[in-house]
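**Q** Just so you know, the sequences run in chain order A and B. For the first sequence, the residue numbers in the working numbering are 1 to 113. For the second sequence, the residue numbers in the working numbering are 114 to 224. Below you will find the structure I want to go over with you.
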Amino acid sequence: DAGVIQSPRHEVTEMGQEVTLRCKPISGHDYLFWYRQTMMRGLELLIYFNNNVPIDDSGMPEDRFSAKMPNASFSTLKIQPSEPRDSAVYFCASSLRQTGELFFGEGSRLTVL
Amino acid sequence: DAKTTQPNSMESNEEEPVHLPCNHSTISGTDYIHWYRQLPSQGPEYVIHGLTSNVNNRMASLAIAEDRKSSTLILHRATLRDAAVYYCILMRGTSYGKLTFGQGTILTVHP
Chain A
1 DAGVIQSPRH EVTEMGQEVT LRCKPISGHD YLFWYRQTMM RGLELLIYFN
51 NNVPIDDSGM PEDRFSAKMP NASFSTLKIQ PSEPRDSAVY FCASSLRQTG
101 ELFFGEGSRL TVL
Chain B
114 DAKTTQPNSM ESNEEEPVHL PCNHSTISGT DYIHWYRQLP SQGPEYVIHG
164 LTSNVNNRMA SLAIAEDRKS STLILHRATL RDAAVYYCIL MRGTSYGKLT
214 FGQGTILTVH P
């Protein structure tokens, strides 16, 4: 398997623009997670899904952030409008509950100017 | 959520064993102890996890104290590729997947 695939790997945008980050989880995994990493706050869980259903979105910073999982093989994290403080590396991870192991993608580095 | 305490940094020489400590004095009975590591410019990588008994896998060993208030990740022979930030994380059994990452331990491996 190719692992968790994220796109784009790098995104530079201007404040106010919409940003969409994409994730393809490992086939057969039933959990999907979105994390954000910054120097100041470290790694933070934003939201996670089980069988395509959002379970806990308490980590989503504000209404500008939204996440969807229309099917088992695809998820998006959208920021609209983006702000400079959203600059971070966003990681997607997937897992099988039975194994307890999360597999992370390589991340999407977002820079908002 | 119960918290973990790790040293900010540790150093090791290549091919020597490394013992990375983690304190979790407020751990509850349903908390699993997870270890992840993050190599430079990469996403976190699962290392090992356990509940009460010591665990071994191809990457490392996890030694859990009898009272579960501390644990130690053991890398049996460090390589340069093991240089990374190591995170000790408690995950409540009822909150699957909610990993709360702390600052971790920066491991430097010298040739």
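Quick reminder that beta carbons are idealized off the backbone N, C-alpha and C, glycines included.
(1) Figure out for me which residue from A/Gly100, A/Asn50 and A/Ser82 has the closest Cα to the Cα of A/Leu21.
(2) So, B/Tyr145 versus A/Gly59, is the Cβ gap smaller than 8 Å?
(3) Would a C-beta distance cut-off of 8 Å place A/Ala44 and B/Gln155 closer than the cut-off?
(4) Whose CA, out of A/Glu18, A/Ile5 and A/Gly3, lies closest to the CA of A/Thr111?
(5) Which class does A/Asp56 belong to by DSSP, given the choice of helix, strand or coil?
(6) Determine contact between the region 164-180 of chain B and the region 128-146 of chain B, defined as no fewer than three beta-carbon pairs at a distance below 8 Å.
(7) Do you know how far the Cα of A/Glu14 is from the Cα of B/Asn136?
(8) Would you say B/Pro157 lies against chain A (beta-carbon separation less than 8 Å)?
(9) For the region 133-155 of chain B, which residues have a CB atom closer than 9 Å to at least one CB atom of chain A, in sequence order?
(10) Can you tell me whether B/Gln151 is buried or exposed, with buried defined as 16 or more other CB within 10 angstroms of its CB?
(11) Check whether the region 177-196 of chain B and the region 3-14 of chain A are in contact - that is, three or more C-beta pairs closer than 8 Å.
(12) Exposed or buried, what is B/Pro119 when buried is set at 16 or more other beta-carbons lying within 10 Å of its beta-carbon?
(13) Can you pull the chain A neighbours of B/His162, defined as C-beta to C-beta under 7 Å?
(14) Contact criterion: CB-CB distance below 8 Å. Does A/Leu45 meet it with respect to chain B?
(15) Just grab the DSSP bridge partners of B/Gln151 for me.
(16) So, with DSSP's three-state summary, where would you put A/Pro70?
(17) Check the Cβ of B/Gln216 against every Cβ in chain A and list those closer than 8 Å, keeping chain order.
(18) So which residues of chain B does A/Phe104 contact, with C-beta pairs closer than 9 Å?
**A** To lay it out plainly:
(1) As a working note, residue 21 of chain A is residue 21 in the first sequence. Checking every option, the nearest Cα to that of A/Leu21 belongs to A/Ser82.
(2) Residue 145 of chain B sits at position 32 when you count from the first residue of the second sequence. Residue 59 of chain A sits at position 59 when you count from the first residue of the first sequence. No, Cβ-Cβ distance for B/Tyr145 and A/Gly59 is not below 8 Å.
(3) As a position in the first sequence, residue 44 of chain A is number 44, starting the count at 1. As a position in the second sequence, residue 155 of chain B is number 42, starting the count at 1. Just to set this straight, residue 44 of chain A is Glu in the shown sequence, not Ala. Not closer than 8 Å, so no.
(4) Residue 111 of chain A sits at position 111 when you count from the first residue of the first sequence. A/Thr111 has its Cα closest to that of A/Glu18, out of A/Glu18, A/Ile5 and A/Gly3.
(5) Here residue 56 of chain A is taken as the residue at index 56 of the first sequence, counted from 1. In the structure shown, A/Asp56 sits in a strand (DSSP, three-state: E or B).
(6) yes
(7) Position 23 of the second sequence holds residue 136 of chain B. Position 14 of the first sequence holds residue 14 of chain A. Going by the C-alpha atoms only, they are around 43 Å apart.
(8) In the second sequence, counting from the first residue as 1, residue 157 of chain B sits at position 44. Cβ-Cβ to chain A under 8 Å: yes for B/Pro157.
(9) Tyr145, His147, Tyr149, Gln151, Ser154 and Gln155
(10) Position 38 of the second sequence, counted from the start, is the residue given in the question as residue 151 of chain B. Buried, since its Cβ has 16 or more Cβ neighbours within 10 Å.
(11) no
(12) Working through the second sequence from its first residue, we reach residue 119 of chain B at position 6. What sits at residue 119 of chain B in the sequence shown is Gln, not Pro. So B/Gln119 ends up on the buried side.
(13) Position 49 of the second sequence, counted from the first residue, corresponds to residue 162 of chain B. The contacting residues are Gly100.
(14) Position 45 of the first sequence, counted from the start, is the residue given in the question as residue 45 of chain A. It does; some Cβ of chain B falls within 8 Å.
(15) By 1-based counting over the second sequence, the position of residue 151 of chain B is 38. BP columns for B/Gln151 point to B/Val198.
(16) Residue numbering aside, residue 70 of chain A sits at position 70 when the first sequence is read from its first letter. Correct three-state label for A/Pro70: strand.
(17) Locating residue 216 of chain B in the second sequence gives position 103, where the first residue counts as 1. Residues of chain A passing the Cβ test: Gly42.
(18) Along the first sequence, read from residue 1 onward, the residue named residue 104 of chain A stands at position 104. Near A/Phe104 (Cβ distances below 9 Å), the residues of chain B are Tyr149, Gln151, Gln155, Gly156, Pro157, Glu158 and Tyr159.
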